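In the order they appear, the protein sequences are chains A and B.
In terms of the numbering used here, the first sequence opens at residue 3 and continues consecutively.
In terms of the numbering used here, the second sequence opens at residue 270 and continues consecutively.
Since the structure comes first, as structure tokens, the remarks are kept for the end.
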Amino acid sequence: MGKPLYYRLQAENLALLYQKAAETFEAMPAFALRESALNWKPVSYRELYEQGLDLATGFIELGVAARDHVGIFSDNRFEWILTDYAVQLCGAADVPRGRDVSTTELDYIIQHSGMKVVCVENSALLNKVQQLRDRLPNLQEIIVLDPNVKTSAGVRSLMDVYEMGAKLRQAGDKRVEERIAGIQADDLFTLIYTSGTTGTPKGVMLTHANIMSQIRNLPGQHNCNDRVLSVLPIWHIFERLIEMYTISFGGCTYYSSIQRLGDDMRHVEPTFMASAPRLWEKLHEKIIKNIKASHWMRQILFHIAYFLARQYKNSEYYLTNKYLRLKYIPAWIRALLVPLHALRWLIVMPWYGFFNAAVLERIRLGAGGSLKVTISGGGALPLHIDRFFNYVGIPVLEGYGMTETTPVIAVRPRHNLIVATVGPPIAETEVRIIDSQNGEILYPNAAYPHNGRGQRGEIWVRGPQIMKGYYKDQELTDSTIIDGWLKTGDLGVISHNNCLKILGRSKATIVLSSGENVEPEPIEMSLQQSNYIENCMVVGQDKKYLCVLIVPSLLEYRQAGFNERTLEDLEQNDIAKKIIKTEIRRITSPANGFKRYEQIHDFSLLTEHFQVGVELTNLFKIKRHIVQEKYAQQITSLFESEKQKK
Amino acid sequence: MEFNTQLLYDHDQVLLALMIFVIMLGMGSSLTMDDFKAVFRKPRGVFIGFISQFGLMPLIAFTVATVFQLHPAFAISLILIGCLPGGTTSNMFTYFSRGSVALSISMTTASTVLAIFMMPILLKLYTIGFTNQITAAMQAAGSDAEFVIPTKNIITSLIMVLVPVGIGMFIKSKWPDWAKTAEDTAGFMGIIVVLYLVGTAFVRHAGLLVQTPVEVYVAAVSVGLIGFLFGYYFSRLLGVPPIFQRAVSLETGIQNGPLAFAVILLSFVDPVQSQMIWLAILYSTFIVISSSVITLWYRKIGAYDYDIYRNTVIHNRLFGDNYVTHYPPGFLPKRVLKDPSQGNSPSQRRV
């Protein structure tokens with residue numbers, strides 16, 4: 003057969019990338035829009051580019067200047083990408099945010115970014131902006147994306163702007179071409195306001211050079227046969243990058259949503275996708291539930307298959323040196339176990355081969371069956387989930403990054419898939435491990451054994467993906483980026499096979515009154531392995547010991563035979579509490595590797611679920627300060643009741 | 270080499286019979302009436318498969334047996350294997366080699382039914398020389414008996430084996446959940462029993478593996494490999510698209526091993542029976558290994574055209590039957606240039 007063709011377009015900026023993509027891929031579908039499960043509408047690269055040119059001309063006519071900021075407040079939809087095309091083509095930068103933006107944030111972002119033109123998705127957002135309008139003297143134009151929303155005075159529909167531009171271009175308007183030629187690599191393509199887990203929104207300035215470097219340096223082989231399923235919010239830089247990356251290799255992005263993920267995975271059979279840990283947790287839950295509900299013979303077959311896969315893969319990882327190596331082990335000691343692993347590998351192989359084909363393949367079909375890779379980002383992937391999918395044969399690559407780094411710093415490549423790490427830093431990217439107490443470089447540092455591998459500290463990063471800075475905040479920029487090195491605020495370690503492992507967010511670190519530093523996230527992740535615990539947050543800053551706030555899983559309790567209908571009822575039930583208590587004891591026992599000061603002394607059951615946008619970020623990370631404020635009373639009483647008991 | 274003792278004890282025979290029953294039940298559990306109808310929807314592919322399975326394969330087996338001058342009992346066994354229909358394992362290997370599973374199933378179905386007529390005829394035709402050798406040897410030893418291929422017994426045993434297939438199909442139509450389990454269990458059982466037979470034969474007749482002449486091993490391995498090779502290039506010569514080409518290749522090389530055991534046990538007697546069984550065991554063992562290797566190889570070389578086929582078909586699934594995917598120039602390999610859907614979407618055919 004023909005030799006496989008993999009490629010990736012390179013360009014100096016996004017506008018030129020869009021242009022090249024249209025010239026190279028022409029009638030290939032660029033985006034597919036869901037109308038019903040089996041009825042999608044394709045938009046080709048050529049169509050999208052031509053429509054983008056028309057809309058860009060409309061924007062120019064409305065007064066959008068080069069390097070202006072244009073707001074796009076919308077979730078994933080075709081009009082989003084079309085607007086982005088237009089904004090990039092007219093040399094401006096967009097300021098994206100999702101549908102769930104609060105009025106306060108909206109106010110702050112519009113004022114702070116100094117935008118003159120804002121695009122809103124629907125009438126709810128339109129109302130919010132209208133209410134603020136008197137306070138926003140700079141705002142000149144409001145454009146509504148949804149074609150079904152009726153526009154009133156002072157508001158335009160995207161279609162009108164598009165038609166205006168189309169007419170102008172037909173009459174020979176070539177202003178867009180001039181704009182494209184005028185884009186500098188150092189110009190912003192986007193200004194993203196991060197809500198983050200702490201403080202007020204910060205405007206992260208990302209340039210064309212930033213994103214083009216990411217497209218150049220991401221590991222992977224793709225071409226226009228790739229189908230990419232989009233479920234994460236597009237205004238998040240991770241999803242955004244994956245969509246831009248997809249354009250560079252001519253793949254087609256299929257706009258799905260979390261609710262329809264299961265169906266769409268089966269129908270679209272994606273080959274690649276960006277994902278968040280929560281997504282894999284949900285899929286894992288579903289798979290386990292299906293197995294438990296199946297015929298007992300099938301359950302046995304699955305357990306045999308999973309057992310064999312584990313044996314086989316673990317030996318394979320050992321033999322190919324692809325397992326987490328935090329402690330240095332001399333090569334000769336490693337070599338001692340090689341024959342044993344080789345033997346196990348050989349013995350297990352034929353059985354694994356059969357069970358892999360007969361049993362595990364059916365599980366892979368649940369994820370569409372065609373996934374070549376998927377990158378999980380935006381939070382730590384719990385180890386048991388990570389292991390499960392990689393044993394089963396769905397290659398989940400965990401990546402690490404932040405908005406400030408456009409976002410990828412490191413990612414596991416397919417050929418070097420080391421579970422429990424985020425892989426080596428991507429090309430052109432350097433990582434340092436810094437002692438946050440005294441600023442000493444721990445890695446790379448020849449003074450330490452093995453150049454500092456295995457030393458724990460704060461991660462600093464340098465490379466072409468580092469943001470230009472925080473908008474209108476030179477002070478914060480200067481304290482975040484030092485000599486080109488960005489302080490991530492995350493704790494990490496470099497393994498002996500050169501992979502980065504993330505240990506936690508340094509800002510989340512709980513310092514107990516004893517002076518012990520505790521990373522709450524690993525504990526929370528372990529606790530969440532319990533089916534009875536839906537979510538939890540460990541607290542104890544400046545206290546003697548740790549406590550935990552727990553959102554119990556009502557569903558699990560009901561399945562276990564409890565009749566409680568609400569979380570409030572559950573909170574009253576002593577048996578329910580006892581179950582949680584045993585679960586905590588079991589999970590955080592010293593036998594599981596928990597240190598004495600990492601033990602949980604008490605807990606409190608919460609009566610409300612954590613909600614995205616309130617207690618959780620869009621990527622399901624806990625906003626610690628919010629939870630702390632909201633449940634301040636519970637936290638205080640947790641530590642007080644303990645005092646009284648003594 | 271002569272066998273002095275019986276290769277299989279009575280309880281082994283019971284075990285073997287049970288295995289054949291379970292495997293055939295599993296085979297039936299993977300079939301529906303629709304699979305039979307599908308044969309008539311795509312007669313061209315099935316016809317090419319038919320030529321390949323009943324035309325090429327027995328000839329290959331005969332040639333191998335003749336070239337290596339096998340002992341007549343081994344030769345007859347090898348030719349018998351060559352005349353067998355395709356096994357269900359070929360469907361699984363085709364799936365993983367990115368071939369057309371639909372065609373593989375159609376070919377297995379069609380050949381299993383046709384084997385009732387084709388096998389006795391072909392076997393008689395290709396084994397005349399070898400049966401005469403046995404008769405001559407028997408007469409030289411003082412017996413006046415004549416060795417003939419027990420055609421009637423073979424037909425009876427083929428029909429008997431089809432009974433559990435029918436039961437399997439019935440289960441599938443009534444309790445599809447059970448059928449799926451039966452199918453997997455059957456595959457698992459197959460491996461275990463073959464390993465058991467090889468293992469016990471090895472332990473009981475320690476010298477057997479050493480005694481067996483090298484050419485018997487070579488013949489047992491090469492008959493499958495040559496089948497793959499001829500199936501691959503024969504269908505390619507006829508202009509079959511790559512996904513079907515891989516299916517025909519695997520279907521040609523992989524024969525229904527359990528059926529060989531059934532026919533040998535029910536139709537032949539010692540001294541030839543043990544030798545025939547031994548060759549069938551060797552074939553069944555080696556074919557799993559060589560199919561796995563070939564599958565990995567096809568998987569690799571077929572990845573590109575398969576991705577194109579999948580993407581094209583999914584475009585039609587989601588964008589409507591009339592959608593035509595315009596791949597960039599130079600992207601499509603020559604063999605799928607005219608139809609990237611490889612015969613699966615009429616609208617994708619370019620003139």
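Here a beta-carbon is modelled for each residue, glycine too, at the ideal position from N, C-alpha and C.
All values derive from a computational prediction rather than experimental measurement.
- For the alpha helix (DSSP H) assignment, the uninterrupted runs of no fewer than 4 residues enclosed by the segment 156 to 232 of chain A are, from N- to C-terminal side, 160 to 172, 177 to 184, 210 to 219.
- In the three-state scheme derived from DSSP, where H, G and I count as helix and E and B as strand, Ile-523 of chain B is classed as coil.
- A direct Cα-to-Cα measurement between Val-336 of chain B and Ile-329 of chain B gives close to 10 Å.
- With fewer than 16 neighbouring CB atoms inside 10 Å of its own CB, Tyr-8 of chain A falls in the exposed class.
- Within the segment 50 to 132 of chain A, the complete alpha helix (DSSP H) segments of 4 residues or longer fall at 80 to 91, 105 to 115, listed in chain order.
- When 8 Å is used as the limit between beta carbons, Tyr-596 of chain B is near these residues of chain A: Met-30, Cys-226, in chain order.
- The beta carbon of Gly-456 of chain A sits closer than 8 Å to the beta carbons of Leu-328, Lys-329, Tyr-330, Val-495, Ile-496, Ser-497, His-498 from its chain, once the five residues preceding and following it are set aside; these are given in chain order.
- Among the CB atoms of chain A, one or more fall inside 7 Å of the CB of Tyr-573 of chain B.
- Taking every protein chain shown into account, the CB of Ile-637 of chain A has 16 or more other CB atoms within 10 angstroms, so this residue is buried.
- Residue nearest to Gln-53 of chain A within the set A:Leu-84, A:Lys-503, A:Asp-228 is A:Leu-84 (criterion: CA-CA distance).
- Burial state of Arg-619 of chain B is exposed, judged by a 10 Å Cβ sphere holding fewer than 16 other Cβ atoms.
- Contacts with chain B at 7 Å (Cβ-Cβ) include Leu-303 of chain A.
- In the three-state reduction of the DSSP assignment, Ser-46 of chain A falls in the strand class, which pools E and B.
- Ser-375 of chain B and Pro-433 of chain B have their C-alpha atoms roughly 19 Å apart.
- Taking 8 Å as the upper bound on Cβ-Cβ separation, chain B lies near residues His-269, Val-270 of the segment 258 to 270 of chain A.
- In this structure Arg-367 of chain B is buried. Its beta-carbon is surrounded by 16 or more other beta-carbon atoms within 10 angstroms.
- It is roughly 47 Å from the alpha-carbon of Ser-543 of chain B to the alpha-carbon of Ile-289 of chain A.
- Within chain A, the residues whose beta carbon sits less than 7 Å from that of Asp-576 of chain B are Asn-227, listed in sequence order.
- For Glu-570 of chain A, the uninterrupted alpha helix (DSSP H) segment begins and ends at 569 to 574.
- Taking CB atoms only, His-297 of chain A has a neighbour in chain B less than 7 Å away.
- If you draw a 10 Å sphere on the C-beta of Tyr-575 of chain B, you find 16 or more other C-beta atoms in it, and that means buried.
- Below 8 Å, enough C-beta pairs join the segment 405 to 418 of chain A and the segment 465 to 479 of chain A to call them touching: three or more.
- At least 7 Å separates the beta-carbon of Leu-394 of chain B from that of Leu-349 of chain B.
- The way I'd put it, the segment 427 to 445 of chain B does touch the segment 278 to 297 of chain B; three or more beta-carbon pairs between them come closer than 8 Å.
- Residue pairing from DSSP places Ile-443 of chain A in a beta bridge opposite A:Ile-436.
- For secondary structure counted as the alpha helix (DSSP H) over 4 or more consecutive residues, the segment 494 to 547 of chain A holds these complete runs in sequence order: 522 to 529.
- Apart from sequence neighbours up to five positions away, no residue of its chain approaches Pro-598 of chain B with a beta-carbon distance below 8 Å.
- Contact between the segment 522 to 535 of chain B and the segment 484 to 501 of chain B is established, with three or more Cβ pairs separated by less than 8 Å.
- Collapsing the DSSP output to three states places His-340 of chain B in coil.
- At a cut-off of 7 Å between beta-carbon atoms, Leu-7 of chain A makes contact with chain B.
- Contact check for Ser-378 of chain A against Val-398 of chain A passes: the beta carbons are separated by less than 7 Å.
- Membership of Ile-349 of chain A in the alpha helix (DSSP H) is indicated by the continuous run 333 to 357.
- Taking a beta-carbon distance threshold of 7 Å, Phe-605 of chain A does not count as an interface residue toward chain B.
- When the alpha-carbon of Ala-126 of chain A is set against those of A:Tyr-164, A:Val-163, A:Asp-86, A:Ser-76, the nearest one is in A:Ser-76.
- Look at Trp-298 of chain A here: in three-state DSSP terms it is helix.
- Out of A:Val-45, A:Ala-39, A:Leu-50, A:Cys-92, the CA that lies nearest to the CA of Gly-65 of chain A is found in A:Cys-92.
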